[in-house]
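Quick note, the sequences are listed as chains A and B, same order. Take full-length UniProt numbering: the final residue in the first sequence is number 210, and no numbers are missing along the way. Take full-length UniProt numbering: the final residue in the second sequence is number 166, and no numbers are missing along the way. C-beta atoms are modelled at their ideal positions from N, C-alpha and C, and glycine is treated no differently. Here the structure is laid out as structure tokens; the discussion comes afterwards.
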Amino acid sequence: MGTRNFLWNSAKKFFTIGLIGLTVSDRYFSIVPVRGYSMSPTFNPQISSSTGSLTDDRVLVEKFCLEKYKFSCGDVVVFCSPSNHREMHIKRITALPGDWISTPHSYDAIVVPKGHCWVEGDNSVFSLDSRSFGPDCKVQTILEDIEDLKKNYFESCLFLFVPRTANSCSHAMAQFAVKSVRMIEWEGAFPFWLSELARKDMGVVTPFCN
Amino acid sequence: MSRLFQFARQWKPIIKEGFSQSFLIAKFLCLLHVTNTHVCTPVLVYGPSMLPTLNLTGDVVLVEHLSQKFGKVGPGEVVVVRSPENPRKTVTKRIVAVEGESVTFLVEPALSDRSHTVVVPRGHVWIQGDNIYSSRDSRQFGPVPYGLILGKAFWRVWPPDGFGSL
């Protein structure tokens, strides 16, 4: 009898705490972990080697703005993705209704329609945002597919970076070209440093064609 | 100093009672909020766009949120949606098609017979009012993201002669 009373009281306490927590998180504040690097360096400035969630940045999100829905350019907002309502994204608003923006995939400029806004991640390389919903975003689609495969089809998945050890020649040539100020022509023979690198890349000891 | 202590001792039980009553009221308001936002809420809908299903002058319908949270809202159901043109307004329409389906609709039924076919993109739904002659819906503002759906209207509460499921 005593334990039943105790269990009932604990259940009531948990229920009350749950209700109050849900109300506060819906109407006033909530804490949200940020995954991914699309808002680097604002959030998650360092790429961490561990994929655990302990290294994610956590942000305080306020819900008072949802009363009037009045946002300004430059606000960082949390929203449900239009293509998948179960995913939440965090990005910065860069244009409000009525503003003109240039689309990244063509020479047109479009006006942001009423009731919509344009969002972009601070890290434009790694960001899937308003620019990705354009006609020619092949790289973003491939990244999205890789994420989908990794999440839904494989038990475990490891991504490694393998440096281009056999391409130090191209790298050196590109660096050289970036630093030079005038046109260069090599006739008949490559410079010694270039052929040395090429030889190292190929891993051969016989003379390389000069 | 002792006068202050006497004063406090007199008012302590009343203050305690006041706090516990306010806490009770706060708990009740939280329960109301959670029920209205996550379970079921009554909504007043008005306008000509859903005639003859819903009246012009206003009906009170019960809108449930659980179907939307579990992704079970489908074609043929009357839904309350946050307007994509003004996030502070809500509109009530019927879902005609979901993602992946193609919709053929009359662009301006009062003026011409011209029809248009569109494929609904991933994560979106196509909503139309039952009264296509007087409805501002997906034919004007395009497919609506599923996340903007607030809930499914399933029961009419007012007027009393319309009491029953939709």
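Note on geometry: alpha-carbon atoms of Y69 (chain A) and H85 (chain A) lie some 19 Å from one another. If you look at E17 (chain B), you'll find it isn't in any beta strand (DSSP E); it sits in the alpha helix (DSSP H) that goes S2 to V34.
With a threshold of 8 Å between beta carbons, C30 (chain B) makes contact with chain A. Counting along the chain, the unbroken alpha helix (DSSP H) around Q140 (chain B) starts and ends at S138 to F141. The CB of N86 (chain B) comes closer than 9 Å to the CB of Y69, K114 and G115 in chain A, given here in chain order.
Restricting attention to B:S102, B:W11 and B:A26, the CA atom closest to the CA of V118 (chain B) is found in B:S102. Listed along chain A are D26, each with a C-beta nearer than 7 Å to that of T37 (chain B).
Annotation note: the segment 163-192 of chain A contains the following uninterrupted alpha helix (DSSP H) runs of length 4 or greater, listed N- to C-terminal: 168-179.
Residues of the segment 35-62 of chain B whose Cβ lies closer than 8 Å to any Cβ of chain A, in chain order: T37 and H38. Annotated as distal: I127 (chain B) and L106 (chain B), with beta-carbon spacing of 8 Å or more.
Closer than 8 Å to the CB of K72 (chain B) there is not a single CB belonging to chain A. Distance from C73 (chain A) to A95 (chain A) at the Cβ level is roughly 7 Å; contact confirmed, criterion being Cβ atoms closer than 8 Å.
Assignment of beta-bridge partners to L54 (chain B) by DSSP yields no partner. Distances from the CA of V60 (chain B) to each of B:Q21, B:E99 and B:T41 were compared; the closest alpha carbon is that of B:T41.
For K12 (chain A), no beta strand (DSSP E) encloses it; the enclosing alpha helix (DSSP H) starts and ends at G2 to R27. Excluding its 5 nearest sequence neighbours in each direction, T53 (chain B) has C-beta neighbours in its own chain below 6 Å: D130, listed in chain order. In summary, the residues of the segment 81-92 of chain A whose CB is separated from some CB of chain B by less than 9 Å are S81, P82, S83, N84, H85 and R86, in the order they occur in the chain. R58 (chain A) is classed as exposed because its beta carbon has fewer than 16 other beta carbons within 10 Å across all chains shown.
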